[in-house]
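J.: Numbered per this note's numbering, the sequence shown finishes at 810, counting up by one with no gaps.
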Amino acid sequence: MNKKLTKQKSDGFLYFPLGKLAKDETIFKDADKRSFRDAYKFILKPILGKQLAVNTYYKNDLIAAANTRITMDLLRIFDELKINFKVNRVEITEEERNNALDSAMAQIMKIKHDFFNAMDKKEIPAMQKTLKGFLRETLASCKMDRFHAHDELVAGYLAFANSAITSQDQYLWTAMALKKIIDNEKRILGLGKSENGETIEHVVKTTWLSLMLARKLDDFDNSDCETLSIICMGHDGGKVLVPEEILYKKGRLTQLENDIMKSHVLFSYLFASNNQQDLNFESFAMALHHVKENKSLAQSYGIMSDTHTSFYEYLTPGAQTKLNEIYHSTKKYYRLISLADTFEAIASPRVYKKASSIGATLSIMISSHQKYGLFYPPYLEAFVGFWIQEVLPKNLKFRINDEILDLYCKKLSLTFEQREHCKENCLGAIINSCSTLGTDIHCVVFDPGTRKVVFELSFPPMVLLKDFYF
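1) Is Q617 helix, strand or coil by DSSP?
2) Using the rule of at least 16 other Cβ atoms within 10 Å of the residue's Cβ for burial, across every protein chain shown, is P801 buried or exposed?
3) Please return the same chain residues whose Cβ sits closer than 6 Å to the Cβ of L616, not counting the five positions on each side in sequence.
4) Mind reading off the beta-carbon distance from Y809 to V691? Whole number of angstroms is fine, and I expect it under 8 Å.
5) Take the Cβ of N598 as the centre, count every other Cβ of all protein chains shown within 10 Å, and call the residue buried at 16 or more, exposed below.
6) Where does F382 land, buried or exposed, given buried means 16+ other C-beta within 10 angstroms?
7) From L529 to S688, what does the alpha carbon distance come to, in whole angstroms?
8) Would you mind listing the beta strand (DSSP E) stretches within the stretch 558 to 595 that are 3+ residues and don't spill past its ends, in chain order?
9) So if DSSP puts H782 in a beta bridge, which residue, or which two residues, is it bridged to?
10) For the candidate residues C774, L805, C762, whose alpha-carbon lies nearest to that of I793?
11) Grab me the residues of G359's own chain with a C-beta within less than 6 Å of its C-beta, minus the 5 sequence neighbours each way, in chain order.
12) Taking DSSP as the reference, what is the three-state secondary structure of T470?
13) Report the residue from K590, L479, T470 whose alpha carbon sits nearest the alpha carbon of E541.
14) Measure from the alpha carbon of L551 to the alpha carbon of each residue in D413, S678, Y667, then state which is nearest.
15) Just how far apart, CA to CA, sit Q348 and L354?
16) Got a sec? Which residues, its chain only, sit under 8 Å from T701 by beta carbon, not counting five neighbours each side?
17) Which runs of the alpha helix (DSSP H), 4 residues or longer, sit entirely within the stretch 723 to 752?
18) Please tell me whether Y716 and E633 are closer than 7 Å, where the distance is taken between their beta carbons.
19) For my contact list, T649 and G574 are in at a C-beta cut-off of 8 Å; report their separation, rounded to the angstrom.
20) Roughly how many angstroms separate the alpha carbons of V731 and V544, rounded to a whole number?
21) So, using beta-carbon positions, are F607 and L581 closer together than 7 Å?
22) Thinking C-alpha only, which one of R739, L754, G789 is nearest V803?
23) In the structure shown, what three-state DSSP assignment does Q447 receive?
24) Quick one: grab the DSSP three-state call for G496.
25) With 16 as the cutoff for other CB atoms within 10 Å, does E525 come out buried or exposed?
26) Where does the unbroken alpha helix (DSSP H) through A677 begin, and where does it stop?
27) What is the DSSP secondary structure of A404, counted as helix, strand or coil?
28) On the three-state DSSP scale, how would you describe T366?
29) From K469 to A446, what distance separates their C-alpha atoms?
30) Taking the beta strand (DSSP E) that N428 falls in, what are its first and last residues?
31) Give every residue of the same chain whose Cβ lies closer than 7 Å to the Cβ of K369, excluding the five residues on either side of it in the sequence, and list them in chain order.
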């Protein structure tokens, strides 16, 4: 049984596959979970106080970050949810971690230097033209049927951003970075000429979501949306300098790998600011979308000086002064992009995970916000309302299932035959939607054959949202 639970990995981790345990099986001896079962105590007691090797998730919800100390409380969570986890065999000190990151950053900075020096000015017009055409095709192919009502409005902003990034001198390096990402993903992922890689799809979808939400907020006028479109389109350009073995890793990242990945915000800024020669507003805003409302969280990082992981020291004195002057004006942009960026990252499939439904994604975001204070509450509330209104509009029809009948039709005391008739022959239709997850949507159940209403019911929007995907 011990061998079933743990095995030593060649990468320097101890692996604990609790997911292999039966649902009713536990590593603990007593109901209070204060001591281990005999079969597991010699395996688990020695790891108390040691460090998690990688960020550890449950259904895309971060349970504990890499380097978190193993405690009984944490093991209780892992046991209850049957979460697999890895533990460092060798202790990693804060100094060692910082030294390793400094060393990695020095290497990436050299690559950045080579990137800036490798451009042949004669090739710039052709590169910009090629990128503009590819992005135009990508933007067209990434149109989402669910949002067809927004196509015309959003398409105008997307075309504006594409034109700006592929023609204005200040975004030359951002354009080069995006072109390089496209070429890299075609090579690494074996994509066809018209296929889109993971990073570019993420950029486009994040831009779509950001613009649609912005149009719902009084804080953004037309000019703001144009600025927002440029910021969104360039926000991940810095990923071109993240080592490919990290960026495309088919698995969770170690703490060092995660720290290196975070550096992409710095490089997005460096590209959009022409290596800090053009301190434009958009370049700073591109590097702040991972700053959380609670800046002390490990998930919060950017080029500001007061966030948990900061790349502020890499800014020139002039850039630091400029950022401090304009920082307040960047907030509405990065607060909004943070929501869209997080949603897309959770909802979309990745090489290491499956897609999450719209309902599950919103639940994860809200739960994480309630625990840690990740997002700007007014924007989060508007974002949730946006999804409910878009996915569950008035007159939307849906199938009746056992969950709906069991949880929300108890008072009707339906017979077995009536239940089966509802599931096989009836449909539900929304007559009044809502704007929050805590408010019910009101529906009718009707027979399409007779067009008669069978009964009315109400239930939370999550009942339906969990079955819709982005």
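Here a beta-carbon is modelled for each residue, glycine too, at the ideal position from N, C-alpha and C. Because the structure is a prediction, the values reported are computed rather than measured.
T.: In brief:
1) As a working note, residue 617 is residue 277 in the sequence shown. Three-state result, Q617: coil.
2) Here residue 801 refers to the residue found at position 461 of the sequence shown. Residue burial annotation: P801 is buried, with at least 16 other C-beta atoms found within 10 angstroms of its C-beta.
3) Taking the first residue of the sequence shown as 1, we reach residue 616 at position 276. A small correction: the amino acid at residue 616 is Gln; Leu does not occupy that position in the sequence shown. So the qualifying residues of the chain are T656, A659.
4) Taking the sequence shown and counting its residues from 1, the one referred to as residue 809 is at position 469. Taking the sequence shown and counting its residues from 1, the one referred to as residue 691 is at position 351. 18 Å between Cβ atoms; not a contact.
5) For the purposes of this step, residue 598 is taken as residue 258 along the sequence shown, with counting starting at 1. Around the CB of N598, 16 or more other CB atoms lie within 10 Å, so the residue is classed as buried.
6) On the sequence shown, residue 382 is found 42 positions in, with the first residue counted as 1. Result: exposed.
7) Walking along the sequence shown from the start, residue 529 turns up at place 189. Walking along the sequence shown from the start, residue 688 turns up at place 348. When the Cα atoms are used, L529 and S688 turn out to be separated by approximately 17 Å.
8) Correct list: empty.
9) Taking the sequence shown and counting its residues from 1, one reaches residue 782 at position 442. N772, S798, per the DSSP bridge assignment.
10) Numbered from its first residue, the sequence shown carries residue 793 at position 453. The question names Ile, but residue 793 is Val in the sequence shown. The option with the nearest alpha carbon to V793 is C762.
11) One-based indexing of the sequence shown puts residue 359 at position 19. Here the set comprises K422, N424.
12) Taking the sequence shown and counting its residues from 1, one reaches residue 470 at position 130. Residue state, collapsed to three classes: helix.
13) As a working note, residue 541 is residue 201 in the sequence shown. Among K590, L479, T470, the Cα nearest to that of E541 belongs to L479.
14) Against the sequence shown, residue 551 aligns to sequence position 211. Minimum Cα-Cα distance from L551 among the listed residues D413, S678, Y667 corresponds to S678.
15) Taking the first residue of the sequence shown as position 1, residue 348 is located at position 8. Taking the first residue of the sequence shown as position 1, residue 354 is located at position 14. Only weak support is given to the placement of Q348: the predicted model assigns it a pLDDT of 49, under 50, and the question is left unresolved by the model.
16) Position 361 of the sequence shown, counted from the first residue, corresponds to residue 701. Taken in chain order, the residues that qualify are N400, F683, I686, A687, F810.
17) The stretch 723 to 752 is shown to contain whole alpha helix (DSSP H) runs of 4 or more residues at 742 to 748, in chain order.
18) Within the sequence shown, residue 716 is the residue found at index 376, counting from 1. Within the sequence shown, residue 633 is the residue found at index 293, counting from 1. Contact: yes.
19) The residue you call residue 649 lines up with position 309 of the sequence shown. The residue you call residue 574 lines up with position 234 of the sequence shown. At roughly 21 Å, the Cβ-Cβ gap does not stay under 8 Å, so T649 and G574 are not in contact.
20) Within the sequence shown, numbered from 1, the residue matching residue 731 stands at position 391. Within the sequence shown, numbered from 1, the residue matching residue 544 stands at position 204. Straight-line spacing of the CA atoms in V731 and V544 works out to 20 Å.
21) As a position in the sequence shown, residue 607 is number 267, starting the count at 1. As a position in the sequence shown, residue 581 is number 241, starting the count at 1. Pairing F607 with L581 gives a Cβ-Cβ distance under 7 Å.
22) In the sequence shown, the residue the question calls residue 803 occupies position 463. Closest in alpha carbon position to V803, among R739, L754, G789, is R739.
23) For the purposes of this step, residue 447 is identified with residue 107 of the sequence shown, where counting begins at 1. Note: Q447 maps to helix in three-state DSSP.
24) Taking the sequence shown and counting its residues from 1, the one referred to as residue 496 is at position 156. Helix, per DSSP.
25) In the sequence shown, counting from the first residue as 1, residue 525 sits at position 185. Around the beta carbon of E525, a 10 Å sphere encloses 16 or more other beta carbons of the protein chains shown; the residue is thus reported as buried.
26) Working through the sequence shown from its first residue, we reach residue 677 at position 337. The displayed chain sequence assigns Ile, not Ala, to residue 677. First-last of the alpha helix (DSSP H) with I677: 657 to 687.
27) Locating residue 404 in the sequence shown gives position 64, counting from the first residue. Three-state DSSP puts A404 in a strand.
28) Locating residue 366 in the sequence shown gives position 26, where the first residue counts as 1. Correct three-state label for T366: coil.
29) Position 129 of the sequence shown, counted from the first residue, corresponds to residue 469. Position 106 of the sequence shown, counted from the first residue, corresponds to residue 446. Looking at the two C-alpha atoms, the distance is approximately 33 Å.
30) Numbered from 1 along the sequence shown, position 88 holds the residue referred to as residue 428. Counted as a single uninterrupted DSSP element, the beta strand (DSSP E) harbouring N428 occupies residues 425 to 428.
31) Residue numbering aside, residue 369 sits at position 29 when the sequence shown is read from its first letter. Answer for K369: S375, F376, R377, listed in chain order.
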